[in-house]
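Enquirer: Quick note: my numbering has the sequence shown finishing at residue 752, numbered continuously throughout.
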Amino acid sequence: CAQIVGVPLILVDWGNFRGYGNEAEPRLKKLLKLTDRLNRVVIYFDDFDKSFAGFDDGGLGQRLAGTLLTWMQERTSDAIVIASVNRMEWLPPELTRAGRFDYIYKVDLPNHGERNTIFNLHLARFDERFKNGGDPYTHESRKEVIKRTQRCVGSEIQTIVERA
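1. Considering just the uninterrupted stretch of the alpha helix (DSSP H) at A671, what are its terminal residues?
2. For L620 versus T655, is the C-beta spacing smaller than 9 Å?
3. Could you give the residue range of the alpha helix (DSSP H) that holds V749?
4. Can you tell which of G646, D690 and W602 has its C-alpha closest to the C-alpha of N610?
5. Please state whether DSSP places V600 in a helix, a strand or coil.
6. Name the DSSP bridge partner or partners of F633?
7. Check this for me: beta carbons of G742 and I692, under 9 Å apart or not?
8. What's the C-alpha gap between D666 and R685?
9. Is DSSP giving T737 helix, strand or coil here?
10. By DSSP, does V593 sit in helix, in strand, or in coil?
11. Would you kindly work out how many angstroms separate the C-alpha atoms of R739 and M660, rounded to a whole number?
12. Can the beta-carbon of A653 be found closer than 9 Å to that of E677?
13. Between which two residues does the alpha helix (DSSP H) carrying N704 extend?
14. Touch check for the stretch 621-638 and the stretch 591-611: three-plus C-beta pairs under 8 Å?
15. Is the beta carbon of L696 less than 9 Å from the beta carbon of S672?
16. Leaving out five residues on either side along the sequence, give the residues of the same chain with a beta carbon under 8 Å from the beta carbon of L622.
Below is the structure:
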């Protein structure tokens with residue numbers, strides 16, 4: 589996204605913020621100030637839900653959320669804020685309330701055809717026969733692989749191909 593738009597990307601592993609303990613809040617504030625200074629930037633909070641997973645952290649998760657919410661409400665930069673979550677129910681309601689994020693999208697597991705396409709994309713990196721639509725596997729063997737990966741996300745399919 590950032591590369592397409594031609595702006596810097598700040599990648600934040602939100603799940604690790606809890607590990608900073610007392611340093612978490614100052615680090616977040618410093619990061620948000622940097623974001624404002626850069627102005628046109630994409631800031632991506634990966635695993636955004638993990639810091640709110642119900643751990644007893646002395647209120648750290650709530651304080652981090654409060655700091656972020658205040659910044660999102662008052663920021664002066666043209667930053668694009670993106671967050672990925674696996675479990676929306678872990679997020680405090682104040683983070684998911686209308687107006688916090690401009691859009692909320694659900695990306696589900698890939699269907700049969702999408703898994704097949706993902707396999708082909710990654711297989712083509714290792715085997716020329718898969719480029720331009722080629723497939724050395726039988727229809728039945730391909731069908732079996734697609735069936736066995738029914739609950740896999742794209743990155744898991746990529747790992748399967750890379751380890752094969």
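The beta carbon of each residue, even a glycine, is placed where N, CA and C say it ideally should be.
Expert: Once the coordinates are examined:
1. According to the DSSP assignment, A671 belongs to no alpha helix (DSSP H) but to the beta strand (DSSP E) extending over I668 to A671.
2. yes
3. G742 to R751
4. G646
5. strand
6. Per the DSSP secondary-structure output, F633 pairs in a beta bridge with V600 and A671.
7. A distance of 9 Å or more separates the beta carbons of G742 and I692.
8. 21 Å
9. coil
10. helix
11. One C-alpha to the other measures close to 35 Å.
12. no
13. H700 to F714
14. yes
15. Reading off the sequence, residue 696 comes out as Asp, not Leu. Cβ atoms of D696 and S672: not closer than 9 Å.
16. I598
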